[in-house]
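Asks: Per this note's numbering, the sequence shown runs over residues 3 to 219.
We put the CB at the ideal spot given by N, CA and C, even for glycine.
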Amino acid sequence: MAAKSDTKAKCLLCNADFSKTGMTKHLKACLNKQSESQAESQAESQEKKKPFFHIVIDGLERPQYWMHLKVAADAKLSDLDKFLRDTWLECCGHLSAFNSPQGELEMKKKLKDVMKPGTELVHEYDFGDTTILRVKVIDLREGAAEKKKILMLARNDPPEILCSECGKAQSVKVCTECMWDGAGWLCKKCVKKHDCDEEMLLPVVNSPRTGVCGYTG
Ligand SMILES: [Zn+2]
Ligand SMILES: [Zn+2]
Ligand SMILES: [Zn+2]
Ligand SMILES: [Zn+2]
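(1) According to DSSP, simplified to helix, strand and coil, what is GLN172?
(2) Would PHE55 and VAL73 qualify as a contact pair, given that the criterion is a beta-carbon distance under 8 Å?
(3) For CYS198 and GLU167, which I take to be in contact (beta-carbon distance under 8 Å), what is that distance rounded to the nearest angstrom?
(4) Between the alpha carbons of GLU148 and THR26, how many angstroms are there, rounded?
(5) If you follow the alpha helix (DSSP H) that PHE85 is part of, which residue opens it and which one closes it?
(6) Assuming VAL124 and ILE134 are in contact, meaning their beta carbons sit under 8 Å apart, how far apart are those beta carbons, in whole angstroms?
(7) Would you check if there are 3 or more beta carbon pairs closer than 8 Å linking the region 108-127 to the region 76-94?
(8) From LEU97 to SER43, what distance separates their C-alpha atoms?
(9) What does the alpha-carbon distance come out to for the pair GLU92 and VAL137?
(10) Who are the Cβ neighbours of ILE59 in its own chain at under 6 Å, not counting the five residues just before and after it?
(11) Do THR218 and LEU203 come within 8 Å of each other at the CB atom, strictly closer than that value?
(12) Listed in chain order, which residues are found with a beta carbon closer than 7 Å to a heavy atom of ligand 3?
(13) Enumerate in chain order the residues of its own chain whose CB-to-CB distance from SER209 is below 8 Å, with the five nearest sequence positions on each side excluded.
(14) With H, G and I counted as helix, E and B as strand and the rest as coil, what does DSSP make of TRP182?
(15) If you drop the 5 nearest sequence neighbours on each side, which residues of the same chain put their C-beta closer than 8 Å to that of HIS28?
(16) Comparing the CB of GLY184 with every heavy atom of ligand 2, is any distance shorter than 7 Å?
(17) Measuring only the C-alpha atoms, how far is GLU162 from VAL206?
(18) Taking 7 Å as the cut-off, is the CB of GLY120 close to at least one heavy atom of ligand 2?
(19) Under 7 Å from any heavy atom of ligand 1, does the C-beta of LEU15 make it?
(20) Spatial neighbours of ALA185 within its chain, please: CB distance less than 6 Å, with the 5 preceding and 5 following residues excluded, ordered by chain position.
(21) Return yes when at least one heavy atom of ligand 2 lies under 7 Å from the C-beta of CYS94, else no.
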């Protein structure tokens, strides 16, 4: 897949664009700003403050896919697993696991019991055609409780993946029959000339699992 390794994203708190490395730095400042303005508006309702983790997740082999999350500290690993499945992974209900350097973690564990700033975990989805994600904890903070346990703070824009036939246009389909050694990525024009069975084609979607198993987004 001829993808550029750097992708940008919009900060969903303030709508500004940043690169992958710029976003980590920016979100620290942006979350500070948010908690300051919340502190002003809720000076008398301190009890509403809840601890949350600022987490960044990316694809181990496809790091151009990444996202930043705000996750309640008392959310369970199973909540995070479900979020990752819904956003990036789910194709046919494969098994998944979180691993720390010490081994596999139980899904019913709460994040606050297995994470602190600096913690790095690995998430694996599907033990056949595995999609491996890196989960890194940037910070533990306090802020106003959100309705949802997990909130997206930023997510990469779709990376440019040029057609492997003509090399000119963005690919829209990937042929799972041909997708070895970077081949099989097809733009709108080239997909019409492609010989393989139509059922071998998957849509190109904004996920580190694009083109894998039956993943259609
Ligand atoms: Zn921002
Ligand atoms: Zn599958
Ligand atoms: Zn093409
Ligand atoms: Zn093909």
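Replies: Straight from the coordinates:
(1) strand
(2) yes
(3) With 8 Å as the limit, CYS198 and GLU167 do not qualify as a contact, their Cβ atoms being about 12 Å apart.
(4) 21 Å
(5) 79-86
(6) That pair is a contact at about 6 Å.
(7) yes
(8) 44 Å
(9) 18 Å
(10) Around ILE59: MET69, LEU135 and VAL137.
(11) no
(12) CYS165, GLU167, CYS168, LYS170, ALA171, LEU188, CYS189, LYS191 and CYS192
(13) TYR67, THR89, TRP90, LEU91, TYR217 and GLY219
(14) coil
(15) Cβ neighbours of HIS28 beyond the five flanking positions: CYS13, ALA18 and PHE20.
(16) no
(17) 11 Å
(18) no
(19) yes
(20) So the list reads SER166, once near-sequence residues are dropped.
(21) yes
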